[in-house]
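Below is one structure, written out as structure tokens; the observations come after it.
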Amino acid sequence: MALAEILKPCGPVVDDKAAERLRGVLAQTAWTPRLEQAWPALSPVFAASPYLTSLARRDPARLDALLADEPMARLDDILARTAAAADLSSEAATVGLRVLKAELHLLTALCDLGGAWDLDQVTGALTRFADAAVASALTVAARGEVEAGRLTHLSDGPEGPVPGWFCIAMGKQGAFELNYSSDIDVSVFFDPDAMPLAPGVETEAFAVRLTQRLSDLMQLRTADGYVFRMDLRLRPDPSSTQAAVPIPAALEYYESVGQNWERAAFIKARPCAGDIPAGEAFLAELAPFVWRKNLDFAAIADIHSIKRQIHAYKVDERMTAKGFDVKLGAGGIREIEFYVQTQQLILGGRNPQLRSRRTLDALAALTIAGHVAPETCAELTEAYGRLRSVEHRVQMLADEQTHKLPEADADRRRVAALSGYDSLRAFDAAITRTAQGVNARYGELFPSEEPLSSRFGSLVFTGVEDDPATLATLKRMGFSNPHKVAETIRSWHHGRIPATATERGRELFTRLAPRLLDAAQATGAPDPAFARFSDFFSRLSSGVQLQSLFLAQPNLFELIVQVMAFAPRLAATLARRPAAIDAMLDGGFFEPIDIADDRAFMRAAVARAARTEEGAFEAAMDAVRIVHREQAFRVGVQVMSGAASAVTAGKAFADLADLCIDALAAAALAETGRLGGVFEGDAAVVALGKCGSREMSAGSDLDLMTLYRAADPAGVSAVKGWDAVTFYGRFTQRLIAALSSQTGEGGLYEVDMQLRPSGTKGPVAVSFAAFEGYYEAEAETWELLALTRARVVWATSPAFAADAEAAIGAALRRPRGRAQTAADVREMRELMHRERPAKGEWDLKLSPGGLVDIEFAAQYLQLAHAADGGPLEPNTAAALAAFRETGLAPEAALTALEQAWRLQQDLTQLLKVALDDGADPQAEPAAFKSLLARAGGVRDFRSLAPALNRARAAARKAYETIVGQGVP
Numbered sequence: 001m002a003l004a005e006i007l008k009p010c011g012p013v014v015d016d017k018a019a020e021r022l023r024g025v026l027a028q029t030a031w032t033p034r035l036e037q038a039w040p041a042l043s044p045v046f047a048a049s050p051y052l053t054s055l056a057r058r059d060p061a062r063l064d065a066l067l068a069d070e071p072m073a074r075l076d077d078i079l080a081r082t083a084a085a086a087d088l089s090s091e092a093a094t095v096g097l098r099v100l101k102a103e104l105h106l107l108t109a110l111c112d113l114g115g116a117w118d119l120d121q122v123t124g125a126l127t128r129f130a131d132a133a134v135a136s137a138l139t140v141a142a143r144g145e146v147e148a149g150r151l152t153h154l155s156d157g158p159e160g161p162v163p164g165w166f167c168i169a170m171g172k173q174g175a176f177e178l179n180y181s182s183d184i185d186v187s188v189f190f191d192p193d194a195m196p197l198a199p200g201v202e203t204e205a206f207a208v209r210l211t212q213r214l215s216d217l218m219q220l221r222t223a224d225g226y227v228f229r230m231d232l233r234l235r236p237d238p239s240s241t242q243a244a245v246p247i248p249a250a251l252e253y254y255e256s257v258g259q260n261w262e263r264a265a266f267i268k269a270r271p272c273a274g275d276i277p278a279g280e281a282f283l284a285e286l287a288p289f290v291w292r293k294n295l296d297f298a299a300i301a302d303i304h305s306i307k308r309q310i311h312a313y314k315v316d317e318r319m320t321a322k323g324f325d326v327k328l329g330a331g332g333i334r335e336i337e338f339y340v341q342t343q344q345l346i347l348g349g350r351n352p353q354l355r356s357r358r359t360l361d362a363l364a365a366l367t368i369a370g371h372v373a374p375e376t377c378a379e380l381t382e383a384y385g386r387l388r389s390v391e392h393r394v395q396m397l398a399d400e401q402t403h404k405l406p407e408a409d410a411d412r413r414r415v416a417a418l419s420g421y422d423s424l425r426a427f428d429a430a431i432t433r434t435a436q437g438v439n440a441r442y443g444e445l446f447p448s449e450e451p452l453s454s455r456f457g458s459l460v461f462t463g464v465e466d467d468p469a470t471l472a473t474l475k476r477m478g479f480s481n482p483h484k485v486a487e488t489i490r491s492w493h494h495g496r497i498p499a500t501a502t503e504r505g506r507e508l509f510t511r512l513a514p515r516l517l518d519a520a521q522a523t524g525a526p527d528p529a530f531a532r533f534s535d536f537f538s539r540l541s542s543g544v545q546l547q548s549l550f551l552a553q554p555n556l557f558e559l560i561v562q563v564m565a566f567a568p569r570l571a572a573t574l575a576r577r578p579a580a581i582d583a584m585l586d587g588g589f590f591e592p593i594d595i596a597d598d599r600a601f602m603r604a605a606v607a608r609a610a611r612t613e614e615g616a617f618e619a620a621m622d623a624v625r626i627v628h629r630e631q632a633f634r635v636g637v638q639v640m641s642g643a644a645s646a647v648t649a650g651k652a653f654a655d656l657a658d659l660c661i662d663a664l665a666a667a668a669l670a671e672t673g674r675l676g677g678v679f680e681g682d683a684a685v686v687a688l689g690k691c692g693s694r695e696m697s698a699g700s701d702l703d704l705m706t707l708y709r710a711a712d713p714a715g716v717s718a719v720k721g722w723d724a725v726t727f728y729g730r731f732t733q734r735l736i737a738a739l740s741s742q743t744g745e746g747g748l749y750e751v752d753m754q755l756r757p758s759g760t761k762g763p764v765a766v767s768f769a770a771f772e773g774y775y776e777a778e779a780e781t782w783e784l785l786a787l788t789r790a791r792v793v794w795a796t797s798p799a800f801a802a803d804a805e806a807a808i809g810a811a812l813r814r815p816r817g818r819a820q821t822a823a824d825v826r827e828m829r830e831l832m833h834r835e836r837p838a839k840g841e842w843d844l845k846l847s848p849g850g851l852v853d854i855e856f857a858a859q860y861l862q863l864a865h866a867a868d869g870g871p872l873e874p875n876t877a878a879a880l881a882a883f884r885e886t887g888l889a890p891e892a893a894l895t896a897l898e899q900a901w902r903l904q905q906d907l908t909q910l911l912k913v914a915l916d917d918g919a920d921p922q923a924e925p926a927a928f929k930s931l932l933a934r935a936g937g938v939r940d941f942r943s944l945a946p947a948l949n950r951a952r953a954a955a956r957k958a959y960e961t962i963v964g965q966g967v968p
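Using my numbering, count along the sequence shown one by one with no gaps and you end on 968.
And the structure:
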């Protein structure tokens, strides 16, 4: 029966004028009784679809001829002419295949919309034409290679034109389910030893060139359009492989790093062109990868993840037809396909009856086998047919590879008309009901499993291209470049970094990925959090143990992501040395830090290094840096988590510095002795500044002074004859280098020696006699203030350490006029204020009432009372407490100073861990502001600045009370 006699109207005519305009064109050229007979069924089509109208307008005679033929017979004729195109030249085939595609498109649309074909016949026609077009285009492309002299001949047997080279149809083409304007997913493989190539032709280069010729023939847009867009990205690891992949390399890839979504993709795979027997053999060899008979719990959970990455909507969450993506949207075609494929992957290894390529056939098989309820099967089958039909009609509007219903009502009314609906409201309601039903059934699959989506939406990272819903989710989460984030996560799923190189590593990462994104979003700074985590994660040597830890301890993982977002120094430590995070595997990571074990470890490592004649000093430097890195990271994380107060952190950072000095001073002295010979005498290292007062923070430098005392003032070293000045100068230089140089294990500290008596002008090491003489007769008040924080941190003997401490105490306890001392302190503070004013309200050091004011007040009190036996405490808080106990300063002033000191030290520790100097906390994310509020002991960040201002105002007043009046 002719098509004109079969066609029925698909729905209302939505645009009478458009239909009449085409009728006028046809009437002028080829109006026939068949067109008259079919016009009631044609007018709704051409009124709604500009694309189909253009096909009819372009060739009215073709339209009339299609109406005259029986549809299946006409399809067979089109396929025969498509196969014959293999004998054409490249230029002729380029035109011929495109003309045939247009004819096939018009025939298929009319048969679909007019009720002549059901869904299977429609998708079957499109797929059969795709197969035939690819096969003919391959022959034409191969003939071009023969003419170019690279291929010896065309084969005419079952192995296709080029033995050993074949196309695998993936996705909907493989399952005979192509949609109306679909591209085709094709993977190309070849046997390097089977292709009949001319001598000297490299096999892979040839295979890639042939693939490119084929692709150009199929998808190059000309005046006649295109045949099919070819997507070659479903091959193994498309970002790092050529368009055609050798069979051995492909098998190795799938066996080693193949993912579950790739297994799912191969459910639908079949050879469609080229060496079909070789393609079938390839798929047979790949079958154990696709259809596993034995799956452990982790593998099953990872298959479940294909489904769980898609957000399942709750009943009260809004779903709408406007802009609905019938393929990828919630309740769309993909959910039905995933519903089926995930169960196929789990059950199909033991039951071959479940391995159908076609979605509805597999759904029926699962139902027969008792894995899907009959009512669920019926509901999903009906929904699949409806959604696929609507998908075709959306694409028929303009021949675009789109799956979204139009946002505009007028355009969506066209789709509704092609779908048989007079009312747009009724159409929208039907679509919404269908999507809700599918999504509800989808949510029932593996219901007890943890979701791998986010409250913000789906997070799907399977496949080789961006999932639109996932990009929208990432945008809602605050990522500025969702494509880059999605691309990075897909690459990790592909096993391109050591952490995900193993199957177990990839399974764990599938669960970790959504938690990472949620944690990054929660920081309020998702971009830096993700970027720094990426730097760290990509440098891990393995990932199973650490990912397992993160999954088992979500609070710890969230803290690490906070570190990435807010603490560039700590994040950089992790990125450069991922092994630093190994310390977190220790159950005592958050316990108070005791460096006794580390001291023993450092000394043992340095001792081992000392046994090595060459490179011992450098080995000692590296050993110290390893311990320092781990402990500095530990302290920093404790500060970020709130586990360590400012006092605890300051002491811990200072203890760590002491530990490094202790180990490296001994190593530097040994190295100096090795180079110049032993020198009889003693040496000590004195810490000043923040290290001396045990108030260090992340990034603090070291203010140091070295003292020495020769056993014989005229003595020289045993080998080089160095005198004391030279020997201990060399020792000091090596110590500075050991503490400040960058090695393969990183750096330690910036070292400042300018607080020694001679400043930058005299010897770098200070003799004990010179120290005593200088502070007895020459030292200025500012030098004595600095000396209040002096502390001996290393010495060659306990006796010399005691002598050095005594000399420091003697220098501080010499009588001096309190009024003059107070005047000197005020003058110094005023000079500092003029030359180094505070940089803003968050300059906790230099602001009035800030740390410098409090330090000056505490140091002044010590200098003022030391001669009378008053307290001497290097630590500021301890000094203020001591003066409270002795009653040597006003109670109210000390209270104000102590409170401001604690508040600003707590804030300083966090700011130094997290931000660069000069950064404005006001500009930081809300989550970091909450950390600051917690550190400041207030309810929220808005309360912090007023509390800080009050504390500083009181501290400034106390400073003026104590120093301004020379109290007492």
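Think of the CB as a built atom: it goes at the ideal place given N, C-alpha and C, for glycine as much as any other residue.
Put simply, of 555, 6 and 170 the residue whose alpha carbon is nearest the alpha carbon of residue 68 is 6. Taking the C-beta atoms as reference points, residue 189 is found no nearer than 9 Å to residue 204. Within 10 angstroms of the beta-carbon of residue 419 lie 16 or more other beta-carbons, which makes it buried. Rounded to the nearest angstrom, the gap between the Cα atoms of residue 410 and residue 51 is 16 Å. With fewer than 16 other Cβ atoms from the protein chains shown falling within 10 Å of its own Cβ, residue 483 counts as exposed.
A direct Cα-Cα distance of roughly 6 Å separates residue 401 from residue 395.
Between residue 854 and residue 892, the beta carbon gap of about 15 Å keeps them out of contact (Cβ cut-off 8 Å).
Inclusion of residue 198 and residue 151 in the CB contact set at 9 Å is warranted, their separation being smaller than that value. Cβ atoms of residue 669 and residue 683 come within 8 Å of each other, at about 7 Å. Rounded to whole angstroms, the gap between the alpha carbons of residue 849 and residue 650 is 20 Å. For residue 220, no alpha helix (DSSP H) run applies, since DSSP gives it neither H nor E. The three-state secondary structure of residue 696, taken from DSSP, is coil. Counting the other CB atoms within 10 Å of its CB gives residue 193 a total below 16, which places it among the exposed residues. Around the Cβ of residue 577, a 10 Å sphere holds 16 or more other Cβ atoms; the residue is buried. In the DSSP assignment, residue 180 falls outside any beta strand (DSSP E) and carries neither an H nor an E. Burial of residue 179 is indicated by the presence of at least 16 other C-beta atoms within 10 angstroms of its C-beta. The three-state reading of DSSP puts residue 601 in helix, counting H, G and I together. Within the same chain, Cβ atoms closer than 7 Å to the Cβ of residue 645 are found at 906, the five residues on either side in sequence being excluded. Beyond the five residues adjoining it in sequence on each side, residue 723 comes within less than 6 Å, by CB distance, of 716 in the same chain, given in chain order. Within the DSSP bridge table, the entry for residue 681 names 710 as partners. Take the alpha-carbon of residue 575 and the one of residue 463: they are about 28 Å apart.
Taken through DSSP and simplified to helix, strand or coil, residue 326 comes out as coil. Counting only residues of its own chain and dropping the five nearest sequence neighbours on each side, residue 273 has a CB closer than 6 Å to the CB of 134, 135, 138 and 167. By the 16-neighbour rule on beta-carbons within 10 angstroms, residue 278 is buried. When beta bridges are read from the DSSP output, residue 273 appears opposite 167. Counting of Cβ neighbours within 10 angstroms places residue 831 among the exposed residues, the total staying below 16.
Residue 663 has its alpha-carbon roughly 32 Å from the corresponding atom of residue 881. As for any alpha helix (DSSP H) of minimum length 4 sitting wholly inside the region 791-866, the runs are 798-812, 818-835 and 851-866, ordered along the chain. According to the DSSP secondary-structure assignment, residue 361 is paired through a beta bridge with no residue. Residue 327 counts as buried, since no fewer than 16 other beta carbons sit within 10 angstroms of its beta carbon. Setting aside the 5 residues that flank it on each side, residue 364 is surrounded in the same chain by 377, each with a C-beta closer than 7 Å to its C-beta; the list follows chain order. For residue 83, the uninterrupted alpha helix (DSSP H) segment begins and ends at 71-84. Inside the region 109-168, DSSP marks no whole beta strand (DSSP E) run of 3 or more residues.
Around the beta-carbon of residue 523, 16 or more other beta-carbon atoms lie within 10 Å, marking it buried. The three-state secondary structure of residue 347, taken from DSSP, is helix.
In the three-state DSSP reduction, residue 752 falls in the strand class (E or B).
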